[in-house]
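Protein chains in written order, with the working numbering: chain E, 14 to 344; chain F, 176 to 503.
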Amino acid sequence: MREITLSKAVNEAIAEEMRRDPTTFLIGEDVAEAGTPFKVLSGLVEEFGTERVIDTPIAEPGFMGIAVGAALTGSRPIVDLMFGDFIFLIMDQLCNQAAKACYMSGGKLNVPLVLRTNLGATRRSAAQHSQSLHALVAHIPGLKVALPSSAYEAKGLMKTAIRDNNPVVIFEDKLMYQEKALVPEEEFLIPFGEANVKREGTDITLIGTSSMVQVAEAAAEQLASEGISAEVIDPRTIVPLDEATLLESVRKTSRAIVIDEGHQSFGTTAEIASRLNEKAFYHLDAPVLRMGAMDVPVPFSPALEDITVPTAEGVADNARKLCAGEMIHAA
Amino acid sequence: MAKKTNTEDYLRMYRQMVRIRAFEDNANQLYLSAKMPGLTHMYSGQEAVAVGICDALEATDKITSTHRGHGHCVAKGAEFKQMFCELLGKEEGYCRGKGGSMHIADQENGNLGANAIVGGSMGIATGAALSAKLAKTGDVAVCFFGDGATAQGLWYEVMNMAALWHLPVIYACENNGYSEYTRTDEIAAGSLTARAEAFGIEAHKVDGQDVLAVNELTERLIARARKGEGPFFLELATYRYHGHHVGDINREYYRSKDEESEWKENRDPILNFGVWLTGEGIVSEEELAEIRAGIRADAEAAVAYALEAAYPDVSEVDMHVYAPNDAA
């Protein structure tokens, strides 16, 4: 099987779906000739033209609103939001309009729209270009939220998102655009709500999302050399969430750490940990730990920024303590 | 399209204006008699705007509506029964009782829905026009909004794009003089038409109490929008007879009773159109009275029906959060 970058995987997914369905189009800032600052969309305007790869002014609420209206009337827009941090600019259109149109109309209207954006710190971009804000949108009923952890997931989840009849927000890790993974040449889709057991284990479950899947895998590798068997699970979508696979694992291992790059308080880690506590309480030998980003705006200085996100060493350290029966609290 | 000249067209517009007034009078009574959950915003006084514009549209053309949206909904072809059911939260409502007055939508007639966020549908209407352009359907979209919504930044963002891309959208600003409880001249600097013109958008001011003037202008602009000459901006001078919402009863601190009487007695769109119709010999006052009585009876029957209609089953509470996907 060939290896391609996450960037190429996203590009392929969008190109394939745009070929398949003439009602799809791309819209956002510098998506055409520039192909976005990360060059993820390069080449698409040459194939599909400026009618379907639409450059907009720097007006996020405006183009998001236009995409919602287009989605309500027979189009399937793919909206490019240059940085996940800009999601605050489009909150009304995303959360009050797109997320609620189906419900408020009693199912008569629907908004088949993909919002692709990104997350991830440690790029030395400071507090307004480094946030991981997926928990904010996962809180809103009516939205689906996908968090690809490699090029393979990025392609399969994007294709599913484009075919979904609902608004889907995909957060790509902007630090992973140039990372390669095995991606089949032949067509494939990854269904929403199906977690991927990346590594089987018996002593502890490490649930990681997006970039934190790699962190969990590295921690598991380290733990294996010490005789601790860690299971690593990537939920792939947090809405819908594959609770069954997570619960099955935790019932087997009796311990779990949830690792995610969003802020730890009121976040994705809290939601997943809470569900495990509620539904697998009698199987647990230790409290389910949350490991999210520190509750501080992302600092610029590398010396500070690097300590705000969970690391493999930190995960392994907590896992050791949990397995040793030390009742600890999350950092 | 030429100015409408036949009796059928005139009477259809008269009937639609009377239907809106009858709907609102009944909705107000439902509120006052505590039979309606929540509250609502009356369109009475502004009928010539919705009817003049919507009569120029085809069923496949799209509109977006506002929190003051019953008039747009009726004018775009909705039925009383499903509308009253929706206002009362009943299963047979246009949105199965999930939207209510502020979210009523009737997609079969091209009404993409009322919106409880002031200015919230400006992007949606513009996007509907983008869909029409991409799919080459020839449809147009009309975005209804009030003068209060002109303060929202979204309008300027989407006007910019609509002008750049020549989208078939008409921004129809119903200037009823009040932004909630505040006079519009206290919230709007300069001129509204100049704001659209700054984007190179052709802007028109029209008397929103004159249904024929509104209709004639809209028909011309719609025909041009279908040919790719849009977008356009319309400022329609009109007046809201009731308060901001049905509970806004004592409003002398922001507008006088004399001012309200002046509009109701001398500038009422239905009265004045009726006088014109009889003056031109198109129809007699007796025939108009018969039309009004028939519509009143229809509205009352629909209210009676809606009051007795069933609420949705509680099992519907978590239905429609997501649209189903086709089986793979």
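C-beta atoms are modelled at their ideal positions from N, C-alpha and C, and glycine is treated no differently.
E:I272 versus E:D186: straight-line alpha-carbon distance, rounded: 15 Å
F:V249 beta carbon less than 7 Å from that of F:F320: no
Proximal chain E residues relative to F:M258, where beta-carbon distance stays under 9 Å: None at all; the shortest Cβ gap to chain E is about 13 Å.
In chain order, each beta strand (DSSP E) run of at least 3 residues that lies wholly inside the segment 200 to 269 of chain E: 209 to 212, 217 to 221, 243 to 247, 250 to 252
Per-residue DSSP class, three states only, for E:G41: strand
Rounded separation between F:A177 and F:E391 - CA only: Confidence in F:A177 is poor, its pLDDT being 45 and thus under 50, which makes the residue's placement unreliable; the coordinate value appears in the next sentence. Cα-Cα distance, rounded: 8 Å.
Extent of the continuous beta strand (DSSP E) run through F:H379: 377 to 382
Range covered by the alpha helix (DSSP H) that runs through E:C115: 114 to 117
Residues of its chain near E:Q235, where Cβ-Cβ distance is below 7 Å and the 5 sequence neighbours each way are ignored: A325, A329
Paired residues, beta bridge with E:Y165 - DSSP: E:Y165 is not bridged to any residue.
Residue from E:V322, E:T49, E:L260, E:D43 whose Cα sits closest to the Cα of E:S20: E:T49
From F:A338, F:Y353, F:G352, residue whose alpha carbon lies closest to that of F:Y346: F:A338
Simplified DSSP assignment, three categories, for F:G365: coil
Any chain E beta carbon closer than 7 Å to F:C248: no
Simplified DSSP state of F:C270, which is helix, strand or coil: coil
Complete runs of the alpha helix (DSSP H) confined to the segment 415 to 477 of chain F [at least 4 residues]: 432 to 441, 444 to 454
Contacting residues, own chain, Cβ-Cβ under 7 Å from E:P204 (five flanking each side not counted): T173
E:P180 at chain F interface by Cβ criterion, 7 Å: no
Cα-Cα separation between E:L57 and E:E42, rounded to whole angstroms: 14 Å
C-beta neighbour in chain E for F:N500, strict 7 Å: yes
Selection of the segment 63 to 75 of chain E by Cβ proximity to chain F, strictly under 9 Å: E64, R65, I67, T69, P70, A72, E73, P74, G75
Residue ranges of each beta strand (DSSP E) within the segment 62 to 104 of chain E, 3 or longer: 66 to 68, 89 to 93
Among E:K292, E:L156, E:R264, E:R303, nearest to E:F221 - alpha-carbon criterion: Looking at the sequence shown, residue 221 of chain E is not Phe but Gly. Comparing Cα positions, the closest option is E:R303.
Interface flag, E:M117 vs chain F, CB-CB below 7 Å: yes
E:T266 classed as buried or exposed, judged by whether at least 16 other C-beta atoms fall within 10 angstroms: buried
Cβ-based neighbour list, E:H296, same chain, cut-off 7 Å, excluding 5 preceding and 5 following: V263, R264, S267
Contacts of F:C270 in chain E (Cβ-Cβ under 8 Å): M117, S118, G119, K121
DSSP three-state assignment for E:M14, whether helix, strand or coil: coil
Beta strand (DSSP E) segment containing F:A209, residue limits: Per DSSP, F:A209 belongs to no beta strand (DSSP E) and is neither H nor E.
Boundaries of the beta strand (DSSP E) in which F:L411 is found, first to last residue: 407 to 412
Chain F contact for E:R33 (CB, 7 Å cutoff): no
F:K311 (DSSP reduced to helix, strand or coil): coil
Amino acids of chain F, ordered along the chain, whose beta-carbon sits closer than 9 Å to that of E:M77: G298
Selected residue, minimal CA-CA separation from E:G82, among F:H495, F:H417, F:D473, F:S296: F:S296
7 Å Cβ cutoff, F:T301 in contact with chain E: yes
E:N24, enclosing beta strand (DSSP E) - first and last residue: First-last for E:N24: 19 to 33, but that is the alpha helix (DSSP H), not the beta strand (DSSP E).
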